[in-house]
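Since the structure comes first, as structure tokens, the remarks are kept for the end.
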């Protein structure tokens, strides 16, 4: 019955990553340090992360209850251009260029409930995350963000075939506000529109804040077939969201809307020790701007922004990824080899000018793991090693086309330095390797154990303007299971 | 079970259809249908080859500008992204040193047409009558408004100045500065989002204006000569800031005892201040002033006495601040300086400045705008003045005011 319940809930993405077939609870503490010059433009030079959390599963009178809570604190040095907590969520962003130290606190919680009814399973999952982000150097942005998801699900569980469907609602809001402490020199705020096209002005309290909200729906369809040692599964996920960015006040100023549609399909086939899995995903984000004019509102006698002519599509980011993996695993060891491919095209259009960026990458990767018993009291040791190579196939950072036979005047419309810095990072051929070691120590009381984990990762650029730069990360984790 | 499978297949088919629709939208080549068509018609009373006229369309949200030439009848068709634009048309007639210029105020272009001020939609057609004009006799040669830094790195704005030049050329005449006035206009910055006074025959003056003293023949300016007016402190700034300007050698200084922030050195002639608003200093914008040189037709004293005619509430308001106006026909020269082209407003009518000029360097950069040199004859420079500041001025120049002893 527990397996059936699990099937009902698997349609909710990553619902029970730690599920082990029984009631359990885990308390964990984790830490991570990352640093090096091979970094994306938004990444801090040196990043430190600490996390504490707890998670548990309970079975009560046929009901399955799950809960999780995590608190994390991130600190980073010399971070730039990060106007939103996730700068890739929207092409529109209010940001500044001055590097500064950043901190971020995240409170992440999730709860799920599943109810069996003969061969049917009904479940619901809800997640809530609150994030506070700040930069500690002028211009100082303070971001507050909320993420909410609610996803009811239903599943049918036969002897060999199982199918489940979840339909979910998501909403997130984020507000950013800039302030300047040192007024002796003027700092600039940049309004980005996608592909680093921008306008800018000196900091003023009149336009130093922005509010972003996203609402959307998603669905997850999972099909499973199991017959002896043969197991086939497919998970299809689709997500649509619509977002808008506005002034935080009441003057009705719209900075831009976004429309986002993503699909992903994961397929897996396992026959004995052999496992083949493949995935593909595609998605598109559109940036839409409204045409506004400030007019005197006769009722309030205040000048407000009025929109005309509907929304104009100005930005698009299309992305596709696909990959395959073969894994051969025995009880104490496994090896895997795979190949991933990604392609992304971004456009910014201010007709008759079209800016285009194209990037596609091929990534072969290898991994292996082994498990060693250390004796009944000392537990066991697990080693995992992985390596990944990334090869750019297409790399066009900024192709500008003028349509319609008009001449354009050269003007500063794009922040070229950050555009290229970001692109050189993303398009660099690179090699990465990682090693993780986990020691599981059984405790005297039955069902209790401690996990100690340590991991290191290293990535080096092998070509392009970032050739020779590298970045390393180290992590520590302690998990207590009971 | 069959029903479940049917439901799943239907669900996947729907998602697939949505996917196809989305992919169609994503192809930029198919998205020209989302653009707007604009017809521009230029005309001139004088005989002009209209196909030589440059029609420049500037996007006000993003700093893009496009130039097209009309056909011989003066007609041009443009396909543009819906947006907020302004448009100017100009031709420079080198032989006569004259220019033809015209333009239209900012407009909203949608796929359905142009949005009129009252919110109604009209046909996307703009007519631009060109006015042929000869260069002004007195022009602004340099305007330094950006400010610079103190030697400690803090912002510094007291070293700003305006330079007025006799542009009548080698065969020109001596002009007198007496009773001419300089002022900055409302809105004080180009970044206020909108100009409530746009399209009117009179323009509000920001805060105060300054008059050259004299009895009519006290301050002559020969052809090729300049007068430098220090906007705030006509003193030596060399030990104070990075520009190192010696404005103690300016010809004039905006100085009045009522304004405690202002300074003047011995030997500099103080301008005469007329307060039209409030303030303890002339707060000339450091990023986007619109400055004018003007002369009230009836004389400054009569003009100031006639508050009933020349002081008005803001458009649409019947209370609050009363703004002192000047007639646009009084303006001898004017320059619209924008902070950035993006979302900038125009304060001067197109008959005085059909476009605007903006600095690429940051505020407090210590740079200025300078009029382009057109020709030099007999050692006397002639500067370009086509009432089109985007074409007439160089930006981001190192200040080089022609001070008294230079």
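Protein chains in written order, with our numbering: chain A, 3 to 484; chain B, 279 to 684.
Don't be surprised by glycine CBs; every beta carbon is placed ideally from N, CA and C.
At the C-beta level, residue 431 of chain A and residue 394 of chain A come within 8 Å of one another. Nearest neighbour of residue 446 of chain A by Cα position, chosen from A:245, A:380, A:187, turns out to be A:380.
Secondary structure of residue 423 of chain A (DSSP, three-state): helix. Taken in chain order, the whole alpha helix (DSSP H) runs of length 4 or more contained in the stretch 225-271 of chain A number zero. With respect to the C-alpha of residue 58 of chain A, the residue from A:34, A:349, A:115 having the closest C-alpha is A:115. Secondary structure at residue 545 of chain B: coil, using DSSP grouped into helix, strand and coil.
Within the same chain, and ignoring the five residues on either side of residue 436 of chain B in sequence, the residues whose Cβ sits closer than 6 Å to its Cβ are 510, 511. Of all alpha-carbon atoms in A:240, A:216, A:392, the one lying nearest the alpha-carbon of residue 247 of chain A is that of A:216. The three-state reading of DSSP puts residue 356 of chain A in strand, counting E and B together. In the three-state DSSP reduction, residue 607 of chain B falls in the helix class (H, G or I). Within 8 Å of the CB of residue 187 of chain A, the CB atoms of chain B belong to 427, 431, 432, 433, 642, in sequence order along the chain. Across the set B:416, B:604, B:479, B:483, the C-alpha of B:416 shows the shortest separation from the C-alpha of residue 665 of chain B.
Around the CB of residue 539 of chain B, fewer than 16 other CB atoms lie within 10 Å, so the residue is classed as exposed.
Taking 8 Å as the Cβ-Cβ cut-off, the stretch 442-472 of chain B approaches chain A at 469, 471, 472, given in chain order. The beta-carbon of residue 360 of chain B is placed less than 8 Å from the nearest beta-carbon of chain A. Residue range 667-670 is occupied by the alpha helix (DSSP H) that includes residue 667 of chain B. Taking the Cα of residue 386 of chain B as reference, the smallest distance to any Cα among B:363, B:396, B:320 is reached at B:363. According to the DSSP assignment, residue 331 of chain B belongs to no alpha helix (DSSP H), since it is labelled neither H nor E.
Counting of Cβ neighbours within 10 angstroms places residue 624 of chain B among the buried residues, the total reaching 16 or more. Of the residues B:513, B:501, B:523, B:568, the one whose Cα lies closest to the Cα of residue 462 of chain B is B:568.
Of all residues in the stretch 291-311 of chain A, the ones placed with a Cβ closer than 7 Å to any Cβ belonging to chain B are 293, 295, 296, 298, 305, 310, 311, in chain order.
By the criterion of a C-beta distance shorter than 6 Å, residue 305 of chain A is surrounded in its chain by 296, 298, once the five residues flanking it on both sides are discounted.
A Cβ-Cβ distance of about 5 Å is found for the pair residue 232 of chain A and residue 273 of chain A, placing them in contact under the 8 Å criterion. Contact between residue 612 of chain B and residue 570 of chain B holds: CB atoms are separated by about 4 Å, below the 8 Å threshold. Taking 7 Å as the upper bound on Cβ-Cβ separation, chain B lies near residues 349, 351, 352, 353, 354, 355, 356 of the stretch 342-372 of chain A. By the neighbour-count criterion, in which 16 or more other beta carbons inside 10 Å mark a residue as buried, residue 109 of chain A falls on the exposed side.
337, 340, 341, 342, 343, 344: these are the residues of the stretch 326-344 of chain B whose beta carbon lies less than 7 Å from some beta carbon of chain A, given in chain order. Chain A places no beta carbon closer than 8 Å to that of residue 404 of chain B, leaving this residue out of the contacts. Counted as a single uninterrupted DSSP element, the alpha helix (DSSP H) harbouring residue 585 of chain B occupies residues 585-588.
The stretch 482-568 of chain B is shown to contain no whole alpha helix (DSSP H) run of 4 or more residues. Between residue 368 of chain B and residue 377 of chain B, the beta carbon gap of about 6 Å places them in contact (Cβ cut-off 8 Å). Nearest neighbour of residue 573 of chain B by Cα position, chosen from B:495, B:635, B:487, turns out to be B:487.
Under the Cβ criterion of 8 Å, residue 190 of chain A is counted among the residues facing chain B. Taking the CA atoms as reference points, residue 378 of chain A sits about 14 Å from residue 449 of chain A. Judged by pairs of C-beta atoms under 8 Å, the stretch 83-92 of chain A does not touch the stretch 122-130 of chain A, as fewer than three such pairs exist. If you look at residue 181 of chain A, you'll find it in the beta strand (DSSP E) that goes 163-181.
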